[in-house]
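A.B. asks: Okay, here's the structure, questions in a sec.
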Ligand code: SF4
Ligand code: SF4
Ligand code: FES
Ligand code: FES
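Residue numbers (our numbering), protein chains in the order written: chain A, 2 to 886; chain B, 31 to 194.
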């Protein structure tokens with residue numbers, strides 16, 4: 002605990018840590034000092050002078066050094082002759098601050114008069130009206146009239162695109178630079194700046210494309226005026242007319258907390274809901290603008306039954322009766338694929354339907370390139386409850402392995418970046434450059450396919466240098482001796498040979514990680530997540546003692562909003578909910594179910610579109626006798642189905658998701674659904690009813706009540722707990738004046754405890770030899786994930802359509818030069834049995850010998866080439882222009 | 031965009047600074063030297079050479095009036111018309127100069143493309159007003175005759191160059 006000092010603010014005495022800024026100390030004393038440029042998430046700059054206050058300090062006697070006291074025994078305070086900026090002045094012992102002195106009030110009036118010299122005073126038509134600091138503070142402190150000449154007002158365009166998603170109105174801008182500083186400091190995208198000077202100053206962006214940042218929407222939230230507005234919400238509604246519903250973003254696994262602002266049953270905007278443990282006050286642009294699948298015109302609105310090759314509308318009763326009849330026949334041979342966008346409640350009921358009604362373990366949530374990742378690690382040594390990845394102390398180490406967080410889990414990238422910026426040791430291990438390399442203390446560039454070799458190399462280095470945490474090993478680790486034996490053959494030198502990372506770097510990284518007070522490992526889609534890798538990470542965490550407590554452990558950066566929940570709920574062929582093994586034989590994986598050579602008699606596919614991904618899947622679905630698809634849209638897979646059932650979007654129902662950091666979080670119903678669309682769990686329940694079960698779930702809440710009974714990990718996760726308003730104390734500790742017209746912090750989720758923290762038992766470690774061998778010759782194809790991919794949900798958001806990446810391949814400039822390929826070319830990529838032709842992009846940061854084809858793009862080129870592998874050798878040839886035409 | 035000579039100079043400049051970013055102003059001067067203004071390619075080249083975001087380079091250019099984003103005359107004439115100079119007749123001097131160069135009162139580029147005239151704030155030679163700066167050279171205690179002589183020299187030079 003740092004040293005505390007006593008200060009008096011407007012007569013209220015408070016104790017705050019030394020170094021606290023006056024503006025923050027004042028909050029503790031219950032006083033809001035008016036600010037414009039200051040923002041508690043940004044470094045203070047003192048640019049706007051709005052926060053001027055009168056400050057005094059106790060007088061010391063020059064001779065004795067004692068504090069001087071007056072006749073009444075009170076300390077004598079000497080006030081500084083000039084006002085001080087509360088946002089840049091730290092408190093000192095005995096300091097006295099007066100925020101409402103006559104001078105300060107006059108100062109504020111003066112500053113506001115200046116800020117308003119060229120302001121258009123168009124609050125009645127401004128999107129920020131009703132939640133604008135400038136409006137609020139002008140009411141509180143501003144002058145009623147201006148002394149400036151009306152005709153001297155500066156004019157500039159009202160609607161200038163600062164980027165594709167954000168408009169700038171310079172007339173309203175007060176040049177606080179919050180937007181610029183957010184992009185520089187928090188996002189690490191230095192794409193905004195102030196151009197020119199004096200009255201001609203203006204926010205500009207010259208990146209290509211302009212305002213090239215995945216976090217641009219946040220600038221509109223923290224802009225204290227209406228200078229920045231989003232294309233999505235501009236003139237959409239008045240802030241005070243909106244209703245607010247707490248929700249959770251379902252577009253990636255981070256699980257950012259959101260508020261859905263609705264009017265007349267329509268989502269008008271998505272705003273961040275403050276949750277300091279998870280997304281703080283940020284959202285990525287995909288989450289903010291990607292909500293349009295709710296209420297889309299293209300939605301499925303009725304059950305459909307295919308008759309003579311044509312879909313015909315049907316009632317739920319008819320459709321479910323047909324499905325029930327068919328599944329009665331296929332029973333335990335039925336296969337089920339449930340996408341990881343579904344809520345925990347849906348998934349739980351889905352597996353219950355399969356396991357108890359149909360008697361089948363053929364269920365899976367992983368298809369395509371994610372098919373081989375079965376994540377158990379987070380269950381065993383997941384980052385401890387209370388881990389705050391955005392505020393790790395400087396004595397902490399973060400190892401990122403095979404994760405491009407900026408693309409895969411954007412807000413998690415912001416958080417990791419935040420910790421690194423404040424001094425945590427960040428080791429970024431990847432096969433290529435990723436944005437975190439900009440701020441990483443150490444970047445390890447491994448050969449693709451050698452992820453587990455590198456991870457075991459770190460273990461070997463820790464052992465070799467005797468850096469293991471001996472107490473922790475003695476208390477909590479089983480099989481340590483055996484590990485040392487087994488690892489004799491796998492030295493750091495060996496790891497260096499296999500991974501292409503130098504032995505020195507491996508050793509240095511291992512030292513940093515082992516010696517750190519706390520250690521977290523984040524591993525992502527490019528790491529492969531195979532058994533050997535998971536074992537290596539687990540071993541590394543256990544032998545260094547970075548397990549079983551807050552700010553220690555592993556985070557699997559899984560692909561979808563509820564990938565974690567899908568693993569928790571047992572949507573895998575070999576495990577029941579709560580990571581218990583199935584009794585008897587494991588079922589088939591999605592990859593096995595979707596095999597054209599051995600099709601199942603029936604498939605139930607929910608919130609997934611395997612047919613679009615590969616010819617193999619498509620053929621398998623065509624070969625399957627009876628196919629039910631339940632989704633929001635008429636996907637390629639749905640077109641092949643015999644029965645199609647319309648589901649509800651996230652905003653049209655309630656439920657819960659579990660984030661990659663194991664936060665279980667409830668979301669509420671904000672808008673109504675198409676009349677005949679049902680929540681997925683309801684459809685499964687009704688079907689079970691038709692097949693003789695007598696389940697009586699009436700709400701997601703009710704399903705969760707059962708989960709709390711049957712899945713010990715979720716024992717606490719009832720909706721009462723998940724929706725409980727956050728405590729006043731908690732609010733006070735992070736309160737940020739955001740100006741929003743709604744309460745921005747309403748609830749927080751709950752985390753479940755991993756095995757390492759739930760018990761004191763010893764945990765086994767064992768060496769599993771690295772499995773992946775990199776493709777031997779030629780170019781290697783890698784399929785990274787990009788944020789704006791060809792996903793079904795984001796495709797409905799017209800506002801971001803310019804950002805959606807079309808199918809393409811990326812190669813290094815050097816390889817391009819050698820192959821005679823230029824940026825205008827297309828290339829044909831060939832593997833045995835498949836070939837695709839896509840436009841090529843050149844990038845100086847891609848390593849030589851690597852072809853990147855992002856996964857999940859339109860036409861699924863990566864999936865077509867890779868099948869269920871994650872790497873492959875690929876032949877690349879330039880397509881002559883004539884051939885394309 | 032950098033010529034071989036400029037490339038060498040740039041390398042010399044970079045040696046003088048602890049970080050590449052610090053060399054932004056001299057690098058921009060260098061980039062601007064040849065044609066007196068900066069086009070998009072120049073800016074990109076500076077950004078790449080110094081590993082600074084393009085937006086930051088643009089903002090610096092915007093801040094300093096001596097960097098130009100539009101083509102100018104071959105020589106830049108900056109006449110100070112700030113208060114101390116004005117008290118010594120600089121405003122009148124400037125007005126007469128615009129007329130003699132056939133330019134409007136806000137200055138601009140002459141029809142022959144030889145000069146760009148601009149009124150500027152204090153150039154720190156207040157005691158020697160009227161004064162002006164042509165390219166990097168100061169001309170002080172000016173009279174109309176003196177400036178005519180100077181301009182005539184530039185014109186002669188230009189003629190020689192085009193003749194040669
Ligand atoms: S646009 Fe908004 S955030 Fe950016 S400087 Fe202007 S007022 Fe501040
Ligand atoms: S980071 Fe993920 S969860 Fe957060 S807003 Fe973006 S897509 Fe949604
Ligand atoms: S808030 Fe203190 S100077 Fe802007
Ligand atoms: S006022 Fe003209 S040089 Fe100073």
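C-beta atoms are modelled at their ideal positions from N, C-alpha and C, and glycine is treated no differently.
Determine the chain B residues that contact residue 196 of chain A at a beta-carbon separation under 7 Å, and present them in chain order.
C.D. replies: What residue 196 of chain A touches in chain B: 88, 89 and 92.
A.B. asks: Helix, strand or coil for residue 246 of chain A per DSSP?
C.D. replies: Reduced to three states, the DSSP call for residue 246 of chain A is strand.
A.B. asks: Less than 8 Å between the CB of residue 173 of chain A and some heavy atom of ligand 1, yes or no?
C.D. replies: Answer for residue 173 of chain A: yes, Cβ within range of ligand 1.
A.B. asks: Among A:95, A:336, A:51 and A:20, which has the Cα closest to the Cα of residue 628 of chain A?
C.D. replies: Closest by alpha carbon: A:336.
A.B. asks: Quick one: which chain B residues come within Cβ less than 9 Å of residue 46 of chain A?
C.D. replies: Ordered by position in chain B, no residue passes the 9 Å Cβ test against residue 46 of chain A, which lies about 16 Å from the chain.
A.B. asks: Can you list the alpha helix (DSSP H) stretches of 4 or more residues lying completely in the stretch 382 to 436 of chain A, in chain order?
C.D. replies: As far as the stretch 382 to 436 of chain A is concerned, its whole alpha helix (DSSP H) runs of at least 4 residues are 406 to 409 and 411 to 422.
A.B. asks: Just the chain A side, please: which residues come within less than 7 Å of residue 84 of chain B by C-beta, in chain order?
C.D. replies: Per Cβ cutoff of 7 Å: 207 and 208.
A.B. asks: Among all the DSSP beta bridges, which residues are the ones paired with residue 851 of chain A?
C.D. replies: Partner(s): A:781.
A.B. asks: What residues of chain B sit near residue 191 of chain A, judged by a beta carbon separation below 8 Å?
C.D. replies: By Cβ distance, chain B contributes 83, 85 and 86.
A.B. asks: Is the closest heavy atom of ligand 5 to the C-beta of residue 47 of chain A under 8 Å?
C.D. replies: Ligand 5 is not part of the structure shown, which contains ligand 1, ligand 2, ligand 3 and ligand 4 as its ligands.
A.B. asks: Give a yes or no on whether the C-beta atoms belonging to residue 478 of chain A and residue 544 of chain A are separated by under 9 Å.
C.D. replies: Their beta carbons are under 9 Å apart, which means residue 478 of chain A touches residue 544 of chain A by this criterion.
A.B. asks: Pick from A:11, A:16 and A:12: whose alpha carbon is nearest that of residue 3 of chain A?
C.D. replies: Of the candidates A:11, A:16 and A:12, the one whose C-alpha sits nearest the C-alpha of residue 3 of chain A is A:16.
A.B. asks: Nearest-angstrom Cα distance between residue 618 of chain A and residue 611 of chain A?
C.D. replies: Answer to the nearest angstrom: the Cα atoms are 6 Å apart.
A.B. asks: Are the C-beta atoms of residue 73 of chain B and some chain A residue less than 9 Å apart?
C.D. replies: Yes, because at least one Cβ of chain A sits closer than 9 Å to the Cβ of residue 73 of chain B.
A.B. asks: Inspect the CB distances between the stretch 71 to 88 of chain A and the stretch 45 to 58 of chain A and report whether three or more fall short of 8 Å.
C.D. replies: They touch, by the three-pair rule.
A.B. asks: Relative to ligand 1, is the shortest distance from any of its heavy atoms to the C-beta of residue 228 of chain A smaller than 8 Å?
C.D. replies: Yes; taking the cut-off as 8 Å, the Cβ of residue 228 of chain A has a heavy atom of ligand 1 nearer than that.
A.B. asks: Take residue 146 of chain B as the anchor and find which of B:134, B:114 and B:153 has the nearest alpha-carbon.
C.D. replies: Residue 146 of chain B has its Cα closest to that of B:134, out of B:134, B:114 and B:153.
A.B. asks: Let me check understanding here. Comparing Cα to Cα, which of A:304, A:207 and A:486 lies closest to residue 86 of chain B?
C.D. replies: The option with the nearest alpha carbon to residue 86 of chain B is A:207.
A.B. asks: Is the CB-CB distance between residue 360 of chain A and residue 394 of chain A below 9 Å?
C.D. replies: Result no, Cβ atoms of residue 360 of chain A and residue 394 of chain A do not sit closer than 9 Å.
A.B. asks: Just to check, is the beta-carbon of residue 254 of chain A closer than 8 Å to a non-hydrogen atom of ligand 2?
C.D. replies: Yes; taking the cut-off as 8 Å, the Cβ of residue 254 of chain A has a heavy atom of ligand 2 nearer than that.
A.B. asks: Alpha helix (DSSP H) containing residue 721 of chain A: first to last residue?
C.D. replies: Run containing residue 721 of chain A: 720 to 723, per the alpha helix (DSSP H) assignment.
A.B. asks: Could you check what DSSP says for residue 149 of chain B in three-state terms: helix, strand or coil?
C.D. replies: Three-state result, residue 149 of chain B: strand.
A.B. asks: Would you mind reading off the limits of the alpha helix (DSSP H) that contains residue 196 of chain A?
C.D. replies: Unbroken run through residue 196 of chain A is the beta strand (DSSP E), 194 to 196; no alpha helix (DSSP H).
A.B. asks: Any heavy atom of ligand 4 within a distance shorter than 8 Å of the CB on residue 122 of chain A?
C.D. replies: Not under cutoff, so the answer is no.
A.B. asks: Provide the residue span of the beta strand (DSSP E) that contains residue 7 of chain A, from first to last.
C.D. replies: 5 to 10 is the extent of the beta strand (DSSP E) around residue 7 of chain A.
A.B. asks: With residue 204 of chain A as the anchor, note down where its beta strand (DSSP E) starts and where it stops.
C.D. replies: Residue 204 of chain A -> beta strand (DSSP E) spans 203 to 205.
A.B. asks: Which residue wins for smallest C-alpha separation from residue 843 of chain A, given the options A:681, A:810, A:625 and A:325?
C.D. replies: Comparing Cα positions, the closest option is A:810.
A.B. asks: I'd like to know whether the C-beta atoms of residue 488 of chain A and residue 461 of chain A end up nearer to each other than 9 Å.
C.D. replies: Their beta carbons are under 9 Å apart, which means residue 488 of chain A touches residue 461 of chain A by this criterion.
A.B. asks: Quick one: using the 10 Å Cβ neighbour count with 16 as the cut-off for buried, is residue 115 of chain B buried or exposed?
C.D. replies: It is buried - the Cβ of residue 115 of chain B has at least 16 other Cβ atoms within 10 Å.
A.B. asks: Quick one: what's got a C-beta closer than 8 Å to residue 485 of chain A's C-beta in the same chain, skipping five residues either side?
C.D. replies: Around residue 485 of chain A: 464.
A.B. asks: List the residues that DSSP assigns as beta-bridge partners of residue 18 of chain A.
C.D. replies: Partner(s): A:5.
A.B. asks: Between A:631, A:28, A:807 and A:440, which has its C-alpha nearest residue 343 of chain A's C-alpha?
C.D. replies: Selected option, being the one with the closest Cα: A:631.
A.B. asks: Between A:564, A:502, A:138 and A:18, which lies nearest to residue 251 of chain A when the distance is taken from Cα to Cα?
C.D. replies: Nearest of A:564, A:502, A:138 and A:18 to residue 251 of chain A, Cα basis: A:564.
A.B. asks: What does the alpha-carbon distance come out to for the pair residue 137 of chain B and residue 211 of chain A?
C.D. replies: About 33 Å.
A.B. asks: Does DSSP classify residue 93 of chain B as helix, strand or coil?
C.D. replies: Three-state result, residue 93 of chain B: helix.
A.B. asks: For residue 316 of chain A, count the other beta carbons within 10 Å of its own beta carbon; 16 or more makes it buried, fewer makes it exposed. Which is it?
C.D. replies: It is exposed - the Cβ of residue 316 of chain A has fewer than 16 other Cβ atoms within 10 Å.
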